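Per my numbering, the very first residue in the sequence shown carries number 21; after that it's consecutive. Where is the CB? At the ideal position from N, CA and C, for every residue including glycine. Note that this is a predicted model, so its numbers are computed, not measured.
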Amino acid sequence: MHEEAGLHYHRCRWCGTASFRRLLCPVCASSDLKRELSAGVGVVVRTGVVHRYTDAARNESLVRLPEGFVFRCRVVGAPPHQVSVGARVRPVAGDDPDTGEVVFELCEPPRRDDWY
Ligand SMILES: [Zn+2]
């Protein structure tokens with residue numbers, strides 16, 4: 021079983037800036053960060069396909085989270101090239117202790133008939 025799906029990030033206790041996997045606040049350089057769980061529905065701001073012409077093609081996207089930081093991740097729920105900018109996505113797994121990878125899935129996947 022997965023732990024509760026979500027994305028952990030850090031929020032600076034001094035200036036409130038949200039950051040992801042940083043040891044210091046990117047704004048005020050404070051190390052006084054607290055760990056929080058993102059509410060989670062993000063929006064794709066950039067998307068692309070890595071190794072498009074191999075079987076291992078995978079999506080790589082930048083997702084903007086409501087807390088104000090941008091997260092690079094893989095989006096699933098559709099073929100890699102059918103993830104579009106502006107699509108809403110949510111995390112499907114908690115921080116993986118082995119790979120550290122957090123995967124997002126489309127909130128409104130395209131109809132399977134439209135794939136390919
Ligand atoms: Zn700060």
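| Asked | Found |
| --- | --- |
| Distance, Cα to Cα, F124 vs L85? | 11 Å |
| From A77 to V122, what does the alpha carbon distance come to, in whole angstroms? | 17 Å |
| Give me the residue from G36, P129, V90 and H101 with the minimum Cα distance to G60. | V90 |
| Using only Cβ atoms and a threshold of 6 Å, which residues come within that distance of a heavy atom of ligand 1? Order them by chain position. | C32, W34, C35, T37, C45, V47, C48 and S50 |
| How big is the Cα-Cα spacing for R132 and L27? | 27 Å |
| Answer yes or no: do R110 and E128 have a C-beta to C-beta separation smaller than 8 Å? | no |
| So what does DSSP say about H71, is it helix, strand or coil? | coil |
| By a C-beta neighbour count over all protein chains shown, 10 Å radius and 16 as the cutoff for buried, is H30 buried or exposed? | buried |
| Considering only C-alpha positions, which residue in the set E87, Q102 and G88 is nearest to N79? | Q102 |
| Do V83 and G62 have their C-beta atoms within less than 8 Å of each other? | yes |
| Taking the beta carbon of V95 as the centre, do at least 16 other beta carbons fall within 10 Å, making it buried, or is it exposed? | buried |
| If V70 and V105 are in contact, beta carbons under 8 Å, what's the gap, nearest whole angstrom? | V70 to V105, Cβ: 17 Å. No contact. |
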